[in-house]
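In our numbering, the protein residues as written are 19 to 247. Beta carbons are placed, not taken as given, at the ideal position from N, Cα and C, and that holds for glycine. Since this is a predicted model, take the numbers as computed values, not measurements. Inspection log for the structure reproduced underneath, given as structure tokens.
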Amino acid sequence: MARGLLIAGAALLLFRAGAAAAEPGRFYAGGDPKRKAVALTFDDGPGRYTPDVLRVLDESGVKATFFVTGGNAERRPGLVREILRRGHELGDHTYGHVNFRSVEKEKGVEAAKAAVEEEMRRSHRILVSISSAPPSFCRMPHGYDRKWLGAVAAKFGYSLVNWTFGEDWAGLPEAKMLEDYRRALVPGAILLFHDGGAGREKTLAILPEVIREARQRNLSIVTVGELLK
19 MARGLLIAGA ALLLFRAGAA AAEPGRFYAG GDPKRKAVAL TFDDGPGRYT PDVLRVLDES
79 GVKATFFVTG GNAERRPGLV REILRRGHEL GDHTYGHVNF RSVEKEKGVE AAKAAVEEEM
139 RRSHRILVSI SSAPPSFCRM PHGYDRKWLG AVAAKFGYSL VNWTFGEDWA GLPEAKMLED
199 YRRALVPGAI LLFHDGGAGR EKTLAILPEV IREARQRNLS IVTVGELLK
């Protein structure tokens, strides 16, 4: 996963002025830069840190979007329901967090297409069984993007969402990480954090400060779905 600002390929759509809502099959990596709002997103869960992230969000009165993997959702359905019960938005992060760039490199584009569709299908089925309603958004592992991905995502009613900034996996000192996330707080930003995996203590430590900074800048914190309206 590339550190910091995500720069996607030609298929990437940052924001379509005048769009009423996100469109299935489209790529997005940010909202309207003229609107003073940002979205906080959390990947790779649900996991051991998810309850702590939910606590911080509750204490701050903030709603976020959680891009969960189907595999983790299958193992922790109660946490998925808790995310929804607390008013947060659910997104799909595919079933097993496959590195599709590696699949494409080793086996070719058609194999990558087949793998993406199968991963989405498995995760979609699980998330619908847990939540009773399908998510509207999918985030590809490692920010994978290709022109053909939109057609696959549209089969499941998904818009594809990447991010404007994220680096909590990069092993940086906490102070540096906080400084960088603060700098990334601009209108329309989609910030990437992680609640899945190990070693997310720094994420938990800086999250309240990022929220506080957003409010000091008069930036509303909304879900991805709200940001893309």
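Rounded to whole angstroms, what's the CA-CA distance from Leu245 to Ala57? Just pull it up for me. 7 Å
Pull up the DSSP beta-bridge partners for Leu145, would you. Answer is none; Leu145 lacks a bridge partner.
Going along the chain, which residues of its own chain have a beta-carbon closer than 7 Å to the beta-carbon of Lys220, five neighbours each way excluded? Asp186, Glu192, Met195
By DSSP, does Asp163 sit in helix, in strand, or in coil? coil
Rounded separation between Thr241 and Glu128 - CA only: 33 Å
Just mark Ala35 as buried or exposed, buried being the case when its beta carbon has 16 or more other beta carbons within 10 Å. With a pLDDT of 32 at Ala35, under the threshold of 50, the modelled position of that residue is not reliable, and no figure is offered here.
Residues that His106 bridges to, as DSSP identifies them: Its beta-bridge partners do not exist; DSSP assigns none.
Check this for me: beta carbons of His115 and Asp163, under 9 Å apart or not? no
Using a Cβ-Cβ cutoff of less than 8 Å, which residues in the same chain neighbour Pro205 once the five nearest sequence positions on both sides are dropped? Gly49, Asp50, Pro51, Lys52, Arg53, Lys54, Ala55, Val56, Leu237
Measure how close the beta-carbons of Gly189 and Leu209 come, nearest whole angstrom, since I'm counting them as under 8 Å. No, Gly189 and Leu209 are not in contact; Cβ-Cβ is about 18 Å, not under 8 Å.
Helix, strand or coil at Thr83 according to DSSP, with G and I counted as helix: strand
Measuring CB to CB, does Thr68 end up less than 9 Å from Arg94? yes
Within 10 angstroms of the Cβ of Gly105, are there 16 or more other Cβ atoms? Answer buried if so, exposed if not. exposed
Which value, in whole angstroms, describes the spacing of the CA atoms of Lys165 and Pro153? 21 Å
Using a Cβ-Cβ cutoff of less than 6 Å, which residues in the same chain neighbour Gly43 once the five nearest sequence positions on both sides are dropped? Gly168, Ala171, Ala172
Asn236, DSSP secondary structure in three states: coil
What did DSSP end up calling Tyr46 once you bin it into helix, strand or coil? strand
Alpha carbon of Pro226 to alpha carbon of Ser78, nearest angstrom: 7 Å
Which one of Trp181, Ser150, Gly215 has the shortest CA to CA distance from Leu203? Trp181
Can you name the residues that DSSP bridges to His212? Asp61
Reference His160; option with closest CA among Ser149, Ile148, Val179, Arg233: Val179
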